[in-house]
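Only one structure is covered here, and it is reproduced in the block below.
Residue numbers (full-length UniProt numbering): 1 to 248.
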């Protein structure tokens, strides 16, 4: 007897719902249609990993699914308007709703109000500030655009306090392969102490960065990129007072 699949995310449940409603009995069948790895798709449906905005847009383009519904569960799913064949022309969605949803799934920011969802789920806020996994992303205004539901137990298993978390998006390739460009990240804003060797979101001057952080014996701090094409950056003594740990 096969094991019952474990789903840690309401987003994962909705992805599974779309697949089954579109007539794909297995993840392997859908993965072949989407030209992606079946294990990656499985991780998204189980909720053990979070898809980036490019993947969510793929569902919109091929199945006519409202990204707003896919991310938040609010509004209409719109699957009834979609031809069974994913290759047939799809009906266009309302442009304003589409653009708002796209901003939500690519957004980031600081901690805002957190609401409790059903069955141990928690809705984490999404903001429209990007954390750079590159040479630095200027910090902009903090505007909450939506929320993403995740399992509290799953967050705690990753060492995070669910009540302190929000969703951010990485911009750039300096943290690849660990963090692809556009990947959504969960940040615990309660962890603001430097943790040697850990990936953290940091604010240096006017830039918001996601980097692996290392404190040197001389008291200086190095920001490390996992992509070897990017050399380590040292926060010098003249900038150390401007270094702020946003979260882990």
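Glycine included, each C-beta is placed from N, C-alpha and C at the ideal position.
All of these numbers come straight from a predicted model, not from anything done at the bench.
Which residues in the same chain have their Cβ closer than 8 Å to the Cβ of residue 193, if we skip the five residues on either side of it in sequence?
245
Distance between residue 43 and residue 49 (C-alpha atoms, nearest Å):
5 Å
Inspect the CB distances between the segment 196-205 and the segment 67-78 and report whether three or more fall short of 8 Å.
no
DSSP three-state assignment for residue 25, whether helix, strand or coil
coil
Between the C-alpha atoms of residue 65 and residue 24, what's the straight-line distance to the nearest angstrom?
15 Å
Considering only the beta carbon of each residue, do residue 187 and residue 213 sit closer than 7 Å?
no
In this structure, does DSSP put residue 234 in helix, strand or coil?
strand
Compute the Euclidean distance between the alpha carbons of residue 210 and residue 126, then round it to the nearest angstrom.
17 Å
By how many angstroms is the C-alpha of residue 243 removed from the C-alpha of residue 231?
19 Å
Closest by CA to residue 16, which one among 35, 41, 57 and 36?
41
Are the Cβ atoms of residue 14 and residue 70 separated by less than 7 Å?
yes
Need the endpoints of the beta strand (DSSP E) that residue 68 sits in, please.
Taken as a continuous stretch (DSSP letters only), residue 68 belongs to no beta strand (DSSP E), being part of the alpha helix (DSSP H) at 67-72.
For residue 61, the first and last residue of its enclosing alpha helix (DSSP H):
53-63
In the DSSP assignment, what are the bridge partners of residue 222?
214 and 234
Measuring alpha carbon to alpha carbon, tell me which residue in 221, 218, 190 and 147 is nearest residue 67.
147
Paired residues, beta bridge with residue 125 - DSSP
147
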